[in-house]
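> By this note's numbering, the letter at position 32 of the sequence shown is numbered 156, and the numbering carries on one by one without gaps. Where a beta carbon is used, it is the ideal one built from N, C-alpha and C, also for glycine. So that we are looking at the same thing, I have put the structure below in C-alpha coordinates.
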Amino acid sequence: MEVPDPHIRMNMVSGISNTGDVRFLTYSGTMTAERFITFLKQLLTTVPGTIFVIVDNCTHPAKDGR
(Lines of atoms letter the chains of each structure in order from A; the text may use other names.)
(Lines give C-alpha, C1' and ligand atoms only; values in the text may rest on other atoms or scores of the structure.)
Protein backbone atom coordinates (compact mmCIF):
# COMPACT_ATOMS: atom_id res chain seq x y z
CA MET A 125 0.00 0.00 0.00
CA GLU A 126 1.41 3.36 -0.98
CA VAL A 127 1.36 6.18 1.53
CA PRO A 128 1.17 9.53 -0.28
CA ASP A 129 2.94 11.56 2.40
CA PRO A 130 4.75 10.23 5.48
CA HIS A 131 3.88 13.42 7.35
CA ILE A 132 0.09 13.29 7.29
CA ARG A 133 -1.00 14.12 10.82
CA MET A 134 -4.19 14.50 12.78
CA ASN A 135 -4.51 16.31 16.08
CA MET A 136 -6.98 15.84 18.88
CA VAL A 137 -8.32 17.84 21.79
CA SER A 138 -10.18 15.84 24.42
CA GLY A 139 -11.87 16.01 27.77
CA ILE A 140 -12.88 13.43 30.35
CA SER A 141 -15.49 13.66 33.06
CA ASN A 142 -15.22 12.41 36.62
CA THR A 143 -17.48 9.51 35.58
CA GLY A 144 -15.22 8.50 32.68
CA ASP A 145 -17.18 10.02 29.79
CA VAL A 146 -14.82 11.14 27.03
CA ARG A 147 -15.43 13.91 24.51
CA PHE A 148 -12.96 14.66 21.72
CA LEU A 149 -12.49 16.63 18.52
CA THR A 150 -10.02 15.64 15.80
CA TYR A 151 -8.63 18.17 13.37
CA SER A 152 -5.78 18.70 10.94
CA GLY A 153 -3.50 21.70 11.09
CA THR A 154 -2.96 23.74 14.19
CA MET A 155 -5.19 24.51 17.15
CA THR A 156 -6.81 27.89 16.69
CA ALA A 157 -8.99 29.91 19.02
CA GLU A 158 -11.95 29.18 16.74
CA ARG A 159 -11.41 25.39 16.99
CA PHE A 160 -10.96 25.54 20.74
CA ILE A 161 -14.15 27.57 21.16
CA THR A 162 -15.99 25.06 18.93
CA PHE A 163 -14.83 22.24 21.19
CA LEU A 164 -15.90 24.14 24.32
CA LYS A 165 -19.33 24.89 22.80
CA GLN A 166 -19.79 21.18 22.06
CA LEU A 167 -18.91 20.41 25.68
CA LEU A 168 -21.47 22.91 26.91
CA THR A 169 -24.23 21.30 24.85
CA THR A 170 -23.43 17.69 25.82
CA VAL A 171 -22.18 17.85 29.42
CA PRO A 172 -24.63 18.71 32.17
CA GLY A 173 -23.39 20.70 35.15
CA THR A 174 -20.15 22.53 35.77
CA ILE A 175 -17.17 22.17 33.43
CA PHE A 176 -13.62 22.76 34.63
CA VAL A 177 -11.17 23.46 31.81
CA ILE A 178 -7.49 22.60 32.25
CA VAL A 179 -5.22 23.54 29.36
CA ASP A 180 -1.78 21.93 29.30
CA ASN A 181 1.17 22.34 26.94
CA CYS A 182 -0.44 25.37 25.38
CA THR A 183 1.76 27.56 23.20
CA HIS A 184 0.88 30.88 21.70
CA PRO A 185 2.75 32.95 19.12
CA ALA A 186 2.73 35.96 21.48
CA LYS A 187 4.81 33.93 23.98
CA ASP A 188 3.89 36.23 26.85
CA GLY A 189 0.24 35.11 27.18
CA ARG A 190 -1.28 38.58 26.83
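Quick check on the burial criterion: 16 or more other C-beta atoms within 10 angstroms. Buried or exposed for Phe148?
exposed
> Where Arg133 and Gly173 are concerned, what is the direct C-alpha to C-alpha distance, given to the nearest angstrom?
34 Å
> Give the DSSP-derived three-state secondary structure of Arg133 in the structure shown.
coil
> Where Thr156 and Glu126 are concerned, what is the direct C-alpha to C-alpha distance, given to the nearest angstrom?
For Thr156 and Glu126, the gap between their C-alpha atoms comes out near 31 Å.
> Determine the extent of the beta strand (DSSP E) in which Phe148 is found, giving its start and end residues.
146-151
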